[in-house]
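Protein chains in written order, with the UniProt record's numbering: chain A, 1 to 297; chain B, 1 to 297.
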């Protein structure tokens, strides 16, 4: 289940409240494609900004509207007891797994993070995806920590940040992680610009942010990589280079993905949680130009 | 009011609940010293880990037990609407001011942070302390942003991170910030090892983490610097060097301060919010040795 394309929908806000209609629309849209799973309340789903009540509701809506597509739910939080409450809410909603990033305010040690995962895996029967996202958590996993956490019963997958550009290096990087994980633990790449490279390097899954809004090109990449056509995956990813460039230029995928979804009418204007204002008018015009250039609409 | 020594008490937990008795004990202890203000729910007060209900209660207890000492309350949060709710709770508790750090999960732009402060200062009549703490927020203020935010009505003070070691450089650094701020906006240094250097370099205040647990040496430093005896301030700070070294070695002041308070019996064992486990037994023994060496008990 923790393989292939996992699509991360936005959790759009309207006037500081979750726009449930827009959210379920995104989920239904994904469920009608062939994505392998939907991850609600990922970083792209703004989990860190939502109240426990909002998160429980979003998890519930995601499962209700995903049809037969498995739904994973982000359960990260700054305090262990809050994480456990999010896990319980995800379980009650019918999630097929949970995604856990070690959020930080005070920096965490490797032992702190290990104990967090140990506590969560002891608490729940749900499979757990280890969410390594140093750009937002400012916590860096070592390969040794992957090994310690990967050995916990209940760990299903590790979501790693981007892989090296060079295919040889990428393969060596993924192999080094694979070597320390039990065979049943899958490895998923994230950082959308690295999807093709990660899958071609041997990752089992692609946890894709923008794929939650425009799944089709990401499915093209995923299926090509899965079915032994690495060059085709790379070609499609290279075609999308103008989009990846915007991610780099505008400080990550979130603001660009939100602008994209807003332009496509999938979510309301200014759908991100304040204080995140989203892109400027000028930046949005650049996004629209790329949407047209790449025929993403 | 935003001058001199502002002491930051811990918010101790016991079995994952705020230990109200221990917290009020810390506040009362500070109120009986001559600290100029108490800042509840700073980073040292674990504001980022507590629920809105816990934070409102802690703010209330701080004001109730601080006697005539003004109480500032940390109101940071990841979402603007949550920050406003914390501000309202602080006002209701009777806080004399609020301390606002731009917490991040997704990185914020300067405009995002400016709008956050604009929204808060428009929302409340309480004076606002700008909390620049890149170690926890991963947001870096520019001098230009200090200027833009400092010009907002309602901004009372800017809490800056440590200053350069060299006294000349420190003075130039503080002067450069002073130059862009209105005259009524004070500058307070933080990073406990930099208290003496910051005050001697012209800072009006010292926002001190460890001073919330052991105020006396920090008051010695503050009064010496305030009363034209900079060498005395430096000497006392240098005497405390073994403590500052532990902060560096053990990843910041929080875990060391908590271990110190735990050893002194001021707060229960394991008083930090999980997943922060606090120091190991070996590290605690080092803290105890420094307590004895410096006669901090």
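Built from N, CA and C at the ideal position, the CB exists for glycine as well. Computed from a predicted structure; not experimentally measured.
Check, Outcome
"According to DSSP, residues forming a beta bridge with residue 97 of chain B", "B:72"
"Within 9 angstroms, strictly: CB atoms of residue 72 of chain B and residue 95 of chain B", "yes"
"Contact check, residue 1 of chain A vs residue 127 of chain A, beta carbons under 9 angstroms", "yes"
"Within chain E, partners of residue 273 of chain A - CB distance below 7 angstroms", "No chain E appears in the structure shown, which is made up of the protein chains A and B."
"Endpoints, beta strand (DSSP E) assigned at residue 131 of chain A", "128 to 131"
"Identified DSSP bridge partners for residue 4 of chain B", "B:205"
"Residues bridged to residue 85 of chain A (per DSSP)", "Looking at the DSSP assignment, residue 85 of chain A forms no beta bridge with any residue, so it has no partner."
"Residue 214 of chain B (DSSP reduced to helix, strand or coil)", "coil"
"Residue 122 of chain A: contacting residues in chain B (beta-carbon distance under 7 angstroms)", "Per Cβ cutoff of 7 angstroms: no residues; residue 122 of chain A is ~13 angstroms from chain B at best."
"Backbone secondary structure at residue 189 of chain A - three-state DSSP", "strand"
"Neighbour flag for residue 65 of chain A against chain B, beta carbons, 9 angstroms", "no"
"Residues bridged to residue 237 of chain B [DSSP beta-bridge criterion]", "In the DSSP output, where bridge partners are listed per residue, residue 237 of chain B has none listed."
"Proximal residues of chain A, C-beta to C-beta of residue 16 of chain B below 7 angstroms", "81"
"is_contact[residue 276 of chain B, chain A] using C-beta, thresh 9 angstroms", "yes"
"At least 3 beta-carbon pairs within less than 8 angstroms: the region 3 to 16 of chain B vs the region 29 to 43 of chain B", "yes"
"Counted within 10 angstroms of its Cβ, other Cβ atoms place residue 111 of chain B as buried (16 or more) or exposed", "exposed"
"Minimum C-alpha distance to residue 153 of chain B - residue among B:144, B:175, B:124, B:164", "B:124"
"Proximal residues, the region 123 to 156 of chain B versus chain A, C-beta separation under 7 angstroms", "136, 138"
"Per-residue DSSP class, three states only, for residue 255 of chain A", "helix"
"C-beta atoms of residue 243 of chain B and residue 192 of chain B nearer than 9 angstroms", "yes"
"Residue 166 of chain A versus residue 157 of chain A - alpha carbon distance", "24 angstroms"
"Residue 222 of chain B at chain A interface by Cβ criterion, 9 angstroms", "no"
"9 angstroms Cβ cutoff met for residue 57 of chain B and residue 20 of chain B", "yes"
"Check: residue 197 of chain A C-beta below 8 angstroms from any heavy atom of the ligand MG", "The model depicted lacks the ligand MG and carries no ligand whatsoever."
"Residues bridged to residue 40 of chain A [DSSP beta-bridge criterion]", "A:73"
"Assigned exposure category for residue 138 of chain A - 16 Cβ within 10 Å defines buried", "buried"
"Nearest to residue 23 of chain B (by Cα), restricted to the options B:265, B:294, B:202, B:140", "B:265"
"First and last residue of the uninterrupted alpha helix (DSSP H) at residue 291 of chain A", "281 to 293"
"Residue 156 of chain A - containing beta strand (DSSP E), residue span", "155 to 160"
"Cutoff 7 angstroms; reference residue 85 of chain B; Cβ partners in own chain excluding five residues on either side", "52"
"Positions along the region 251 to 267 of chain B whose CB lies within less than 9 angstroms of some CB in chain A", "251, 252, 254, 255"
"The region 164 to 178 of chain A in contact with the region 202 to 217 of chain A per 3-pair CB rule at 8 angstroms", "yes"
"For residue 13 of chain B, the three-state DSSP class (helix, strand or coil)", "strand"
"Expected contact under 8 angstroms - CB spacing of residue 290 of chain A and residue 246 of chain A to nearest Å", "6 angstroms"
"Per DSSP, cross-strand counterpart(s) of residue 27 of chain B", "DSSP output for residue 27 of chain B lists no bridge partner at all."
"Nearest residue (CA-CA) to residue 282 of chain A, options A:226, A:25, A:214, A:250", "A:250"
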